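Since the structure comes first, as structure tokens, the remarks are kept for the end.
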Amino acid sequence: MDLETVLFNKDNFKFTRVNQNHYIIEFTIENNNIDLSKIIDFNLIKLIYDLNTDIYEKVSLEKINDENAVEILLLKNFFEDIGFPQHYCYVNINKVVNDNCIQFNTETIQTHRPEGIPPDAEIMNISNLTTKCDIITQHKLNFTHTVIFESTLEFPLFVEKMIGIILNKIFKRVKQFIEKVTI
Numbered sequence: 002m003d004l005e006t007v008l009f010n011k012d013n014f015k016f017t018r019v020n021q022n023h024y025i026i027e028f029t030i031e032n033n034n035i036d037l038s039k040i041i042d043f044n045l046i047k048l049i050y051d052l053n054t055d056i057y058e059k060v061s062l063e064k065i066n067d068e069n070a071v072e073i074l075l076l077k078n079f080f081e082d083i084g085f086p087q088h089y090c091y092v093n094i095n096k097v098v099n100d101n102c103i104q105f106n107t108e109t110i111q112t113h114r115p116e117g118i119p120p121d122a123e124i125m126n127i128s129n130l131t132t133k134c135d136i137i138t139q140h141k142l143n144f145t146h147t148v149i150f151e152s153t154l155e156f157p158l159f160v161e162k163m164i165g166i167i168l169n170k171i172f173k174r175v176k177q178f179i180e181k182v183t184i
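The working numbering applies: residue 2 is where the sequence shown begins, and numbers increase by one.
Written out as structure tokens, the structure is:
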């Protein structure tokens with residue numbers, strides 16, 4: 002059953018449900034003062050978290066090499082009052098660079114629970130998470146972030162819309178920061 006629905010579309014940020022547990026986030030970043038393709042690496046991922054400390058309770062990004070990293074994210078529990086548990090991500094990230102595209106492929110680590118995660122927090126089981134950065138020009142990038150959650154995770158519509166608002170807040174801060182950088 003096709004459930005494609007735009008859940009949030011504002012300020013050049015679009016959050017779409019493609020199907021149950023399958024979401025796409027799209028936005029563009031442009032800055033004529035710097036070569037944006039040179040900043041798309043694991044430091045950009047760290048910047049996302051550094052600019053959004055009100056969203057994340059704990060962040061750990063361990064860079065293994067230029068192509069691989071391990072990440073632990075503990076989200077603040079925004080929905081505790083309505084009975085939803087706190088969630089965390091524990092993932093391997095692999096960076097792949099092609100001519101006009103930089104892509105981050107992410108997979109959940111399920112072998113063990115990372116240290117420092119509360120015992121009642123639940124892992125966000127992600128079956129596929131891909132962040133694709135298409136290099137339009139050296140000053141303009143299109144991002145497409147695709148995430149597919151395991152079928153055991155279900156979000157009510159109002160939670161999906163609130164997630165869209167939170168994601169917009171996260172990426173808007175990053176976008177504004179990058180677009181104002183001058184070197």
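Even glycine gets a Cβ: it sits at the ideal position worked out from N, Cα and C. Predicted, not measured: the structure shown is a model, and the values here were computed from it.
Legend entry - Identity of the residue in Gly117, Thr112, Gly84 and Ala70 nearest Phe105 by Cα: Ala70
Legend entry - Segment limits, beta strand (DSSP E) that includes Asp82: No beta strand (DSSP E) contains Asp82, which DSSP labels as neither H nor E.
Inset, instruction - Report the rounded CA-to-CA distance for Lys162 versus Phe85, giving the unit in angstroms. - result: Straight-line Cα distance between these residues: approximately 15 Å.
Inset, instruction - Note down, in chain order, each residue of its chain lying with its Cβ closer than 7 Å to the Cβ of Asn66, except the 5 sequence neighbours on either side. - result: none
Legend entry - Own chain partners of Leu142 with C-beta closer than 8 Å, once the 5 adjacent residues on each side are dropped: Thr29, Ile30, Glu31, Leu37, Ser38, Ile41, Cys134, Asp135 and Ile136
Legend entry - Where Met2 sits in the DSSP three-state scheme: Below a pLDDT of 50, predicted positions are generally treated as unreliable, and Met2, at 46, falls in that range; no measurement from the model is reported.
Inset, instruction - Look up Leu52 in the DSSP assignment and say whether it is helix, strand or coil. - result: When DSSP states are grouped into helix, strand and coil, Leu52 belongs to the coil group.
Legend entry - Separation of Asn95 from Glu68, as counted between CA atoms: 6 Å
Legend entry - Cβ distance (whole Å) where Leu4 is taken to contact Phe16 below 8 Å: Wrong, their Cβ atoms sit about 14 Å apart, outside the cutoff.
Legend entry - Inter-residue spacing [alpha-carbon to alpha-carbon] between Ile56 and Ile46: 14 Å
Legend entry - Beta-ladder partner(s) of Lys11, from DSSP: Phe14
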